[in-house]
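Notes to accompany the following structure.
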Amino acid sequence: DVLNTPANTTLCPQVLFFGFGWLFFMRQLFKDYEVRQYVVQVVFSITFAFSCTMFELIIFEILGVLSSTSRYFHWKLNLYVILLVLIFVVPFYIGYFVVSNIRLCKQRLLFSCVVWFTFMYFFWKLGDPFPILSPKHGILSIEQLISRVGVIGVTLMALLSGFGAVNCPYTYMSYFLRNVTDSDILALERRLLQTMDMIVSKKKRIAMTRRQMYQRGEEQNKQTGFWGMIKSVTSSPSGSENLSLIQQEVDALEELSRQLFLETVDLQATKERIEYSKTFQGKYFNFLGYFFSIYCVWKIFMATINIVFDRVGKTDPVTRGIEITVNYLGIQFDVKFWSQHISFILVGIIIVTSIRGLLITLTKFFYAISSSKSSNVIVLVLAQIMGMYFVSSVLLMRMSMPLEYRTIVTEVLGELQFNFYHRWFDVIFLISIKRLFQTFPLILIGTFSRLMLKKFYKCVKSMTS
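Residues in the sequence shown are numbered from 2 upward in steps of one, following the numbering used here.
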């Protein structure tokens, strides 16, 4: 049955996923760099293709595409390939390109193997403190690999989810936007130009003073005799005593100009967000901001309940929600039929948003830290993060599927301690929420300080005028 399966059912989507990963690499990540190592591009595209194929197999599971034997075969094949890439291929090439950037290392292959063995040691020791799988599995079983990848991936998912829970309302909701007018921006730009003019004038003054000091020094060198020596020792060039004071003023003005420039950029960005919030799309995202705020509060509440009461859901949320609604209203309803279709839509939304959100995050992260020398290493690290993230998404998404559809997923992933991963996600999610709530007040304090600086400047200007 496996051999007679039409290969194009899974192969064609994989080719499309590979092509999309290739285009994303060329058009987004490496659009400002020259591609010199095509192996990096191939590894990134393969990781993306097989990661998306796992989501495709989940949809096949719900829709009943292919036979159960064929789906099981493709699940196994896909998992073996993605684990081979994540644990053997990507770490080895990361070590290879790190060693290649060090010019003193001539034995690149040898040191690359040393880096890979170091990674494998820490990767294997990672599973010791966690109850992640049944003790009866052998050391070379697939469960040993998935369990450790799951710990890293679930941690990344929880951190990103915590960041999104705090940042999403602040980004989308117009409620958090301060009122900014064109006059505010023009006033700040005038202050910036005045500060730059003061810096230029003071630097000109420093340059002229140094030139006068140099010319007078040349004249004094031409004078000879006893009185010339006495004069050169006892006299100092005019204005030299103020040179250090003027330089301190220039340094202070340059720091002020940097703050004013950042404030100007911030005001312009806020003004653009205000204009965007008045459009139809902006109102739509504002509504999404309120919706996600409620969802994030509910997520925090449920994560707290799960940790306090040591609770893990047994039924998928769609089926549970339909059962509660039907029992409350007392109507006749085919729960199994509608839970299948609604679960398909929900899983599809989760898949699309997960892929889109991760790609956006990877792009921002790459542009923030990449350079011409480190770009290959960073892309491989992002491929490693992406693969572990998607494997862990499948591991956690299993709970969102109805019971009859998670059978093959459970068989393929093996006898893992699934409840541990859900609890671990809740713990890391709440920790990240707490840390971010401690960080955001600092951002607000910084904004408040800039506003106070603006008011102080106005007061000084009114007093001196």
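Each residue gets a CB set at the ideal place from its N, CA and C atoms; glycine is no exception.
Residue i versus residue j: straight-line alpha-carbon distance, rounded
{"i": "Trp125", "j": "Phe118", "result": "10 angstroms"}
{"i": "Tyr81", "j": "Val392", "result": "12 angstroms"}
{"i": "Arg72", "j": "Leu397", "result": "19 angstroms"}
{"i": "Asp252", "j": "Met199", "result": "11 angstroms"}
{"i": "Phe45", "j": "Phe19", "result": "9 angstroms"}
{"i": "Thr11", "j": "Tyr406", "result": "19 angstroms"}
{"i": "Cys297", "j": "Val90", "result": "37 angstroms"}
{"i": "Tyr390", "j": "Val382", "result": "12 angstroms"}
{"i": "Pro170", "j": "Gln213", "result": "60 angstroms"}
{"i": "Leu30", "j": "Met400", "result": "33 angstroms"}
{"i": "Leu443", "j": "Gln38", "result": "Confidence in Leu443 is poor, its pLDDT being 49 and thus under 50, which makes the residue's placement too unreliable to answer from."}
{"i": "Val167", "j": "Leu289", "result": "14 angstroms"}
{"i": "Lys204", "j": "Phe93", "result": "53 angstroms"}
{"i": "Phe302", "j": "Asn420", "result": "18 angstroms"}
{"i": "Trp425", "j": "Glu190", "result": "49 angstroms"}
{"i": "Lys300", "j": "Cys114", "result": "43 angstroms"}
{"i": "Gln540", "j": "Ile103", "result": "Because the chain is modelled from 2 through 466, residue 540 falls outside the range shown and cannot be assessed."}
{"i": "Tyr215", "j": "Phe164", "result": "58 angstroms"}
{"i": "Arg451", "j": "Glu264", "result": "Its pLDDT being 49, under 50, Arg451 is placed unreliably by the model, and nothing is read from it."}
{"i": "Leu268", "j": "Gly283", "result": "18 angstroms"}
{"i": "Glu255", "j": "Lys279", "result": "37 angstroms"}
{"i": "Gln15", "j": "Asn79", "result": "11 angstroms"}
{"i": "Ala270", "j": "Leu178", "result": "10 angstroms"}
{"i": "Cys53", "j": "Ala188", "result": "50 angstroms"}
{"i": "Gln418", "j": "Ser101", "result": "40 angstroms"}
{"i": "Val413", "j": "Leu111", "result": "36 angstroms"}
{"i": "Ser294", "j": "Phe281", "result": "20 angstroms"}
{"i": "Thr411", "j": "Ser142", "result": "15 angstroms"}
{"i": "Ser148", "j": "Trp23", "result": "29 angstroms"}
{"i": "Leu445", "j": "Leu146", "result": "With a pLDDT of 49 at Leu445, under the threshold of 50, the modelled position of that residue is not reliable, and the figure given next carries that caveat. Each residue's Cα considered, the two are about 43 angstroms apart."}
{"i": "Ile386", "j": "Val66", "result": "29 angstroms"}
{"i": "Tyr291", "j": "Gln108", "result": "57 angstroms"}
{"i": "Ile47", "j": "Glu276", "result": "41 angstroms"}
{"i": "Val116", "j": "Val378", "result": "13 angstroms"}
{"i": "Glu144", "j": "Lys272", "result": "52 angstroms"}
{"i": "Val150", "j": "Val201", "result": "57 angstroms"}
{"i": "Tyr122", "j": "Gly96", "result": "14 angstroms"}
{"i": "Gly128", "j": "Glu250", "result": "57 angstroms"}
Selected residue, minimal CA-CA separation from residue i, among the options
{"i": "Val428", "options": "Ser393, Tyr406, Val309, Lys365", "result": "Val309"}
{"i": "Phe120", "options": "Ile88, Met209, Tyr173", "result": "Ile88"}
{"i": "Phe56", "options": "Gln38, Tyr277, His75, Arg424", "result": "His75"}
{"i": "Arg274", "options": "Ile60, Leu78, Tyr176", "result": "Tyr176"}
{"i": "Arg206", "options": "Leu189, Gln195, Leu244", "result": "Leu244"}
{"i": "Asn307", "options": "Phe93, His423, Leu127, Val155", "result": "His423"}
{"i": "Phe286", "options": "Gly165, Ile103, Thr172, Arg28", "result": "Thr172"}
{"i": "Lys435", "options": "Glu412, Thr305, Leu268", "result": "Thr305"}
{"i": "Ile59", "options": "Gly415, Glu416, Ile409, Leu431", "result": "Ile409"}
{"i": "Ile432", "options": "Ser376, Leu64, Ile47, Ser162", "result": "Ser162"}
{"i": "Ser394", "options": "Val152, Arg211, Phe61, Met197", "result": "Val152"}
{"i": "Leu17", "options": "Arg28, Phe51, Val40, Val41", "result": "Phe51"}
{"i": "Leu194", "options": "Thr210, Phe262, Met209, Ile143", "result": "Phe262"}
{"i": "Val266", "options": "Ile295, Ile186, Leu414, Arg211", "result": "Ile186"}
{"i": "Val380", "options": "Glu144, Gly22, Val41, Gly96", "result": "Val41"}
{"i": "Phe98", "options": "Gln385, Met387, Ser376", "result": "Ser376"}
{"i": "Leu85", "options": "Leu127, Gly388, Val116", "result": "Gly388"}
{"i": "Thr196", "options": "Gly128, Phe21, Ser258", "result": "Ser258"}
{"i": "Phe430", "options": "Gly154, Lys77, Leu64, Phe25", "result": "Gly154"}
{"i": "Gln260", "options": "Leu246, Thr210, Arg192, Arg211", "result": "Arg192"}
{"i": "Ala384", "options": "Pro130, Phe49, Cys13, Phe21", "result": "Phe49"}
Residue i: first and last residue of the uninterrupted alpha helix (DSSP H) it sits in
{"i": "Lys272", "result": "244-278"}
{"i": "Thr70", "result": "69-85"}
{"i": "Tyr291", "result": "281-309"}
{"i": "Glu405", "result": "Where Glu405 is concerned, there is no enclosing alpha helix (DSSP H), given that its DSSP letter is neither H nor E."}
{"i": "Tyr173", "result": "143-173"}
{"i": "Gln385", "result": "376-398"}
{"i": "Tyr122", "result": "109-126"}
{"i": "Leu64", "result": "39-64"}
{"i": "Val100", "result": "91-101"}
Item checked: contact_flag[the region 175-189, the region 152-164] where n(CB pairs < 8 angstroms) is 3 or more -> no
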